[in-house]
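Trainee: In full-length UniProt numbering, the protein residues as written are 1 to 365. Think of the CB as a built atom: it goes at the ideal place given N, C-alpha and C, for glycine as much as any other residue. The model shown is predicted, which means the values in this text are computed figures rather than measured ones.
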Ligand SMILES: *Cc1c(COP(=O)(O)O)cnc(C)c1O
């Protein structure tokens, strides 16, 4: 492998790289957590030791992301994909409309679920442009009567991301932040609900973070299954039933790591710099590498690109694999190449990939 510590250059799209320090600490604590003589996985979720981990993770998440008092942080299961269902199940009444902005496969999947509960309307879409861009604010139409507006902040598959979020006024803005949560500072007060599977930027798969404004809880449909109701989990501090305890512990450790890096602003600066290394190679390649996203919609988390010659693209992926780079194949639905440069992907790995790309072009153009 490429690095000094036998760690792969991991550009996986999700699950994805975790900070080495976090993995090593978890390894150390694995069989005897905090002198309890057992793993965090082996103890009651009602125990003092676990509850401290749980509450500290919530508190740290609120602090690091500057989450206002009138929001709840929930740890749920079922991934972001279950949120596609829970959002309309809780907040879209029969006969009511909600606006969905389509910017990729994940927003399409969210729309599909909403159709089971009410009348979602596509309020803007970049599908005709192969999802290369994010719609501009004047393209986005919604109704003041809408139950909510839904969008995907970072499009993991196409490599696009919102720069500025639309102002939806009194209409709740609901956002899937699975692939860019905690990658940059955001003004939480713009959103009514944020959800994210943990496995891109926050920890292992199995935990889903939900940040929900408390007034939205009052609008929730009542006649729905207990486990699928947000208030069930808000009322029980996400301890209504057994939560994914190990995943929450890991998430808490990743948040400590973010804190030690200097918090979200420092993480954001790193991410811009890391992605910049690779975008610079694409932009200076005289068309050898072609970015998928239009420049003003580029993601700093997922960098999608192609090589004009298909055979050469295959060779690029094969040689990159040989050189120790992992996860550079584009999503199976779109092909091409994708480098996911999430928070925990080290600068060193991005630099190595940028250098590799320059060398590959020199050899083959
Ligand atoms: C990965 C991803 C999902 C799917 O998440 P699961 O936790 O596997 O359900 C949804 N939305 C976005 C933006 C993603 O990146």
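(1) Give me the Cα-Cα distance between residue 171 and residue 144, rounded to the nearest whole angstrom.
(2) Just to confirm, are residue 264 and residue 18 a CB contact at a threshold of 8 angstroms?
(3) Whose CA, out of 363, 88, 34 and 298, lies closest to the CA of residue 49?
(4) Going along the chain, which residues of its own chain have a beta-carbon closer than 6 angstroms to the beta-carbon of residue 274, five neighbours each way excluded?
(5) Once the 5 residues before and after residue 345 are set aside, which same chain residues still bring their CB inside 6 angstroms of it?
(6) Mind checking who residue 173 pairs with in its DSSP beta bridge?
(7) Would residue 103 pass as a contact of residue 155 if the rule is Cβ separation under 8 angstroms?
(8) Is it buried or exposed for residue 338, if we count other Cβ within 10 angstroms and need 16 for buried?
(9) Please state if the CB of residue 289 and the CB of residue 307 are separated by a distance shorter than 8 angstroms.
(10) Identify whether residue 22 lies in helix, strand or coil by the three-state DSSP scheme.
(11) Alpha carbon to alpha carbon, how far is residue 45 from residue 91? Give it in angstroms, no decimals.
(12) Which residue wins for smallest C-alpha separation from residue 164, given the options 180, 56 and 137?
(13) Just checking, does the region 7-16 make contact with the region 189-200 on the three C-beta pairs under 8 angstroms criterion?
(14) Suppose only complete runs of 3+ residues qualify. What are the beta strand (DSSP E) ranges in the region 292-344, listed by chain order?
(15) Mind checking which residues open and close the alpha helix (DSSP H) that includes residue 281?
(16) Taking the alpha-carbon positions, what's the residue 324 to residue 249 distance?
(17) When you compare each of 357, 228 and 175 to residue 317 by their alpha carbons, which one comes out closest?
Mentor: So, from the listed chains and residues:
(1) 6 angstroms
(2) If you check the CB distance, residue 264 and residue 18 do not come in under 8 angstroms.
(3) 34
(4) Closer than 6 angstroms at Cβ, skipping near neighbours: 341, 347 and 350.
(5) Contacts found: 17.
(6) 149
(7) By the CB criterion at 8 angstroms, residue 103 and residue 155 fall inside the cutoff.
(8) By the neighbour-count rule (16 or more Cβ atoms within 10 Å), residue 338 is buried.
(9) Result yes, Cβ atoms of residue 307 and residue 289 sit closer than 8 angstroms.
(10) Helix.
(11) 30 angstroms
(12) 137
(13) yes
(14) Runs found: 302-307 and 337-340.
(15) It spans 263-283 - the alpha helix (DSSP H) in which residue 281 sits, taken as one unbroken run.
(16) 30 angstroms
(17) 357
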